[in-house]
Amino acid sequence: MPPRPPRDGESPFAYHQVERHVTRMIEDGRWRTGDRLPSLRQIATSMGVSIATVVHAYTELERKGVIEARPRSGHYVGAAISALPTPAAREQALAGPRVVNRSRLISTVLEAVGNHELVPFGVLCPDTSLLPLKALVRIMGETMRSAPQVATGYETVQGNAELRRRIAWRMGECGMDVSAEGLVITTGAVEALYIALRALTRPGDIVVIQSPTYYCFLQLLETLGLRAIEAPSSPEKGIDPEAVRHIVDRHRVACCIFSPNFNNPDGSLTPDDAKREILDILAPRGIHVIEDDVAADLHYGPVRPSTFSQYDRHGLVTLCSSFSKTVAPGFRVGWMAPGRIFDKAMEVKATTNVCCPTPTQMALARYLEQGLLQRHLRRLRTALVRQMEAMRQTIACSFPEGTSATRPLGGGVLWVRLPEGTDGTELFYRARDAGIAIAPGSIFSTQDSYTNYVRLGCNGVWDDRMAQGLRTLGELARLCTPEARALAPQGDTTGGCDVR
1 MPPRPPRDGE SPFAYHQVER HVTRMIEDGR WRTGDRLPSL RQIATSMGVS IATVVHAYTE
61 LERKGVIEAR PRSGHYVGAA ISALPTPAAR EQALAGPRVV NRSRLISTVL EAVGNHELVP
121 FGVLCPDTSL LPLKALVRIM GETMRSAPQV ATGYETVQGN AELRRRIAWR MGECGMDVSA
181 EGLVITTGAV EALYIALRAL TRPGDIVVIQ SPTYYCFLQL LETLGLRAIE APSSPEKGID
241 PEAVRHIVDR HRVACCIFSP NFNNPDGSLT PDDAKREILD ILAPRGIHVI EDDVAADLHY
301 GPVRPSTFSQ YDRHGLVTLC SSFSKTVAPG FRVGWMAPGR IFDKAMEVKA TTNVCCPTPT
361 QMALARYLEQ GLLQRHLRRL RTALVRQMEA MRQTIACSFP EGTSATRPLG GGVLWVRLPE
421 GTDGTELFYR ARDAGIAIAP GSIFSTQDSY TNYVRLGCNG VWDDRMAQGL RTLGELARLC
481 TPEARALAPQ GDTTGGCDVR
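So this is what it looks like as structure tokens:
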């Protein structure tokens with residue numbers, strides 16, 4: 001329902017006042033998790049606003065995960081407030097370019113994430129029970145039987161033509177104007193990002209990244225000898241356009257890597273107006289955006305969010321995506337729409353990978369042709385929503401007081417802030433030794449901004465193993481708080497875990 005016009009004497013932004021009032025009462029501890037909020041009429045009367053204004057405010061607070069509505073019961077304080085502060089946001093933008101050096105810890109985390117014996121909170125990857133395995137097995141068999149010579153031969157550097165047509169058609173359905181001729185098939189989205197960076201940068205160049213950002217981006221920057229400047233992102237508002245303006249006004253920037261739709265790890269969704277504003281800032285300077293769009297299909301609302309590429313009028317956006325988070329992680333099929341750098345991207349692709357595996361490209365083309373994707377995505381999104389809400393409830397009950405978690409509108413990650421002074425890396429090692437995989441916040445930044453954060457990935461399954469694993473993680477988190485460390489025997493502040 002659209003906001004009503006303000007009544008006489010009422011500010012058009014009166015609902016912001018109601019939002020701030022409710023949030024302040026929660027943050028001050030006067031209203032706690034699970035408390036019932038005053039009724040719409042009570043808030044309207046006490047604050048001198050209309051009931052419609054309170055409805056608007058409550059709707060926004062629900063969207064942010066601060067409160068939740070219960071049928072025929074009213075509104076309640078959410079299980080874990082999502083308004084996580086962005087650590088020293090302005091200082092991040094002022095810090096200047098940094099050499100990236102996170103590879104050692106990231107490698108350790110990836111080793112744990114890849115261990116299938118651990119409870120899988122370390123990565124966003126659908127459980128195999130939620131993948132369309134029967135359809136893919138059938139289609140792969142049909143592909144090999146119908147055209148074995150083609151399926152076992154080389155593809156073109158650009159990729160399978162039918163797959164590119166199907167992807168372009170689907171992107172058009174989502175509002176993106178891309179032709180099959182303008183797409184390049186890649187081995188997952190990471191290769192697409194690598195190609196784009198190779199095409200746009202030279203060693204020593206400056207790249208703007210979100211903060212926090214996906215650790216694979218940091219690995220790519222480190223491998224290519226690039227420097228990073230962090231533009232703050234918040235779970236509620238996504239990328240800060242003014243921070244981007246501040247950076248590009250003061251530094252010679254080669255390009256930006258942004259994940260505007262359900263950023264990994266904070267799950268943030270950058271609003272459409274902010275996307276337009278960021279492009280308006282970058283376009284006159286000729287600065288390219290490499291857009292990571294792998295999570296956008298995992299939106300929990302009715303509409304897929306817009307992309308930077310939809311507002312691009314100058315060919316400055318290179319969109320990168322894949323099927324790895326939705327359909328078939330092991331197929332490693334991604335794609336990119338390079339825009340103005342198409343020719344250079346093709347050159348880089350030809351020297352790195354030559355071509356992607358033919359059978360998987362052919363199979364995914366048939367899968368899309370048969371119209372199976374949308375139904376599968378609806379099922380997957382429903383499972384992720386259920387798991388995420390169960391995880392938030394468990395975090396609220398099992399983790400130490402002062403823990404907060406996001407409530408994203410899509411994707412499959414929870415960004416968890418532990419009490420101040422709690423070491424997320426210590427928790428990672430404790431959890432690994434206890435058979436649980438997580439990702440510590442410190443690997444999502446070039447700075448030490450997220451030492452008391454962890455990222456929890458969702459796989460769409462919530463069973464006894466996952467529930468017990470998260471409860472155990474909460475118990476381990478309590479051991480990592482400053483209070484627990486102060487009570488530990490002298491000389492043993494880690495419980496025996498390896499905190500290299």
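First residue of the sequence shown? That's 1 in the UniProt record's numbering, and the numbers climb one at a time after it. Ideal placement from N, C-alpha and C gives every residue a C-beta, glycine not left out.
Residue i - partner residues in DSSP beta bridges
i	result
residue 453	417
residue 231	210
residue 405	416
residue 334	186, 322
residue 261	269
residue 392	Paired residues: none, contrary to the question.
residue 119	436
residue 245	DSSP, once it has assigned bridges, lists no residue as partnering residue 245.
residue 225	DSSP lists no partner for residue 225.
residue 299	410
residue 239	233
Residue i versus residue j - alpha carbon distance
i	j	result
residue 211	residue 236	13 Å
residue 575	residue 74	In the structure displayed, the chain extends from 1 to 500; residue 575 sits before or after that span and is not available.
residue 325	residue 125	6 Å
residue 344	residue 424	41 Å
residue 478	residue 400	5 Å
residue 410	residue 301	8 Å
residue 98	residue 184	31 Å
residue 307	residue 373	20 Å
residue 413	residue 130	17 Å
residue 466	residue 380	17 Å
residue 178	residue 270	22 Å
residue 132	residue 242	42 Å
residue 187	residue 385	28 Å
residue 283	residue 42	48 Å
residue 311	residue 217	23 Å
residue 159	residue 22	53 Å
residue 392	residue 456	11 Å
residue 59	residue 239	22 Å
residue 120	residue 253	37 Å
residue 472	residue 449	26 Å
residue 248	residue 157	35 Å
residue 363	residue 415	35 Å
residue 192	residue 335	6 Å
residue 396	residue 389	11 Å
residue 80	residue 398	Reliability of the predicted coordinates at residue 80 is poor, the pLDDT of 47 falling under 50, and no value is obtained from them.
residue 299	residue 175	15 Å
residue 387	residue 209	29 Å
residue 232	residue 278	13 Å
residue 112	residue 435	9 Å
Residue i: first and last residue of the uninterrupted beta strand (DSSP E) it sits in
i	result
residue 317	317-322
residue 74	74-77
residue 506	The structure shown does not extend to residue 506, since the chain is modelled only from 1 to 500, so the question has no answer here.
residue 289	288-292
residue 68	67-70
Status (buried if at least 16 other CB within 10 Å, exposed otherwise) for residue i
i	result
residue 452	buried
residue 488	exposed
residue 371	exposed
residue 51	exposed
residue 181	exposed
residue 115	exposed
residue 219	buried
residue 82	Only weak support exists for where residue 82 lies, its pLDDT of 41 falling under 50; the value from the coordinates is given anyway. By the 10 Å Cβ count, residue 82 comes out buried.
residue 265	buried
residue 134	exposed
residue 45	exposed
residue 20	exposed
residue 459	buried
Beta carbon of residue i nearer than 8 Å to that of residue j
i	j	result
residue 291	residue 319	yes
residue 303	residue 256	no
residue 281	residue 313	no
residue 76	residue 127	no
residue 427	residue 470	no
residue 328	residue 163	no
residue 367	residue 67	no
residue 445	residue 213	yes
residue 348	residue 195	yes
Where the alpha helix (DSSP H) containing residue i begins and where it ends
i	result
residue 142	133-146
residue 172	161-173
residue 469	464-479
residue 444	Unbroken run through residue 444: none, as it is neither H nor E.
residue 343	342-352
Distance cut-off 7 Å: residue i Cβ against heavy atoms of the ligand ADP
i	result
residue 177	The ligand ADP is absent from the structure shown, which contains no ligands of any kind.
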